[in-house]
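Q: The structure is given below, and queries will be raised subsequently.
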Amino acid sequence: MVVFYLFLISNLHMLCSCGDTEEWHDGPQEVSSNTNRMSSFRTINLADPSPNVCKVLDLISEYGPVRVHVPVNERVVGRVINDLETVWNSSEQGEVCLYCITFPKGTNHLVVIIAKETPLGLDHLYFKRKGGGWKSSTKGYIDKIPKLKHNKNPNYTTTLNISTELQHCHIVRESLHGVSVSLYFSREDYQIQKVVDDTETIWQAEDEKNEKLFIAQFYSRQNAPPMLLIWIMKRYVMERLHYVKKRRTWDKVPAVVFNETFAEMKRV
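Per mature numbering (1 follows the signal peptide of the UniProt record, and there is no 0), the sequence shown runs over residues -18 to -1, 1 to 250.
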């Protein structure tokens, strides 16, 4: 009987030890994975950007000074701050900053636009300074941007041809997941009212007085259909238009189709 009890106690101890071992390994592995994910994030500090994290381009547009922050060497940016103030933090797995656009005024930034990538696709966040801190706008537009208008009557209207270089546009190029990304901004004296690809018209302003291109984002990769995201300013509203080149023509598509195509482009 004593031998039986000793045998039973020995086996119970082995079962408990095995259970403890499995539970102990599962816990630290999960914590370690989450810690590694957070520690791999980089931070863009709008007040003092590090050249090891992002490149900074200071442009002059019809809205005055514009500053563009683009992560370098495919750095994974999961946080944007302005000195000691937090503007944005990544809140979910796979959510990273693609680039950040600000409208500086002296040492302050009046408006911050963050383009981000999420598991569901591309999206944009809008922040403006309010009450001594940064508040996000869920309206899809920022009423302060038109009010920042620096050159009320641009001297020239122009056409953006994405198949050629244009001296009337600022062009920012970067690579993301092997995808070539080109950002187009109009210069101070020029107002873009038409976007073409060689001889094909992709977009044209319907209201030349109150409708204009704000930013154009062109995505390309070998063996994948090119993609174009156009930001349009209509008075106080910012609208995003999505296009995918199928065969030889550009088609306007819903945002969900655009995001699905972008996901496929990354996998090519």
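The beta carbon of each residue, even a glycine, is placed where N, CA and C say it ideally should be.
Please specify which runs of the beta strand (DSSP E), each continuous and at least 3 residues long, are wholly inside the region 150 to 232, giving them in chain order.
A: Within the region 150 to 232, the complete beta strand (DSSP E) runs of at least 3 residues are 151 to 158, 161 to 168, 172 to 179, 182 to 186, 193 to 202, 209 to 216 and 219 to 228.
Q: Thinking V177 and I214 are a contact (beta carbons under 8 Å), I'd like their distance in whole angstroms, please.
A: That pair is no contact at about 10 Å.
Q: Any idea if D30 is buried or exposed, counting beta-carbon neighbours within 10 angstroms, 16 or more meaning buried?
A: By the 10 Å Cβ count, D30 comes out exposed.
Q: Consider the Cβ of K191: report whether some Cβ of chain C lies at a distance smaller than 7 Å.
A: Protein chain content of the structure displayed is limited to a single chain, and chain C is not contained in it.
Q: Under 8 Å by Cβ, that's how I've got I184 and W232 pegged, so tell me the actual separation to the nearest angstrom.
A: About 5 Å separates the two Cβ atoms, so the contact holds.
Q: Decide yes or no for the touch test of the region 59 to 75 against the region 190 to 208: beta carbon pairs closer than 8 Å, at least 3 of them.
A: Touching, no, given that fewer than three Cβ pairs across the two stretches are closer than 8 Å.
Q: For my contact list, residue 254 and R24 are in at a C-beta cut-off of 8 Å; report their separation, rounded to the angstrom.
A: No answer is possible for residue 254: it lies beyond the span of the chain, which begins at -18 and ends at 250.
Q: At which residue ranges does the region 16 to 72 contain complete beta strand (DSSP E) runs of 3 or more residues, listed in the order of the chain?
A: If we require 3 residues or more, the beta strand (DSSP E) runs fully inside the region 16 to 72 come out as 24 to 27, 36 to 43, 46 to 53, 59 to 64 and 67 to 71.
Q: In three-state DSSP terms, what is I144?
A: Of the three classes helix, strand and coil, the one that applies to I144 here is coil, per DSSP.
Q: Quick one: grab the DSSP three-state call for T243.
A: Looking at T243 - three-state DSSP - the assignment turns out to be helix.
Q: Only counting the same chain, and skipping five residues up and downstream in sequence, which positions put a Cβ closer than 6 Å to that of I42?
A: The residues are E170.
Q: Are the beta-carbon atoms belonging to V52 and F109 less than 7 Å from one another?
A: For V52 and F109, no; Cβs fall outside 7 Å.
Q: Using the Cβ count rule (16 or more neighbours within 10 Å means buried), how would you classify K117?
A: The residue is exposed, with fewer than 16 neighbouring Cβ atoms inside 10 Å.
Q: So what does V250 bridge to, in DSSP terms?
A: Bridge partners of V250: none, in fact.
Q: Within 10 angstroms of its Cβ, does P208 collect 16 or more other Cβ (buried), or is it exposed?
A: Flag for P208 reads buried.
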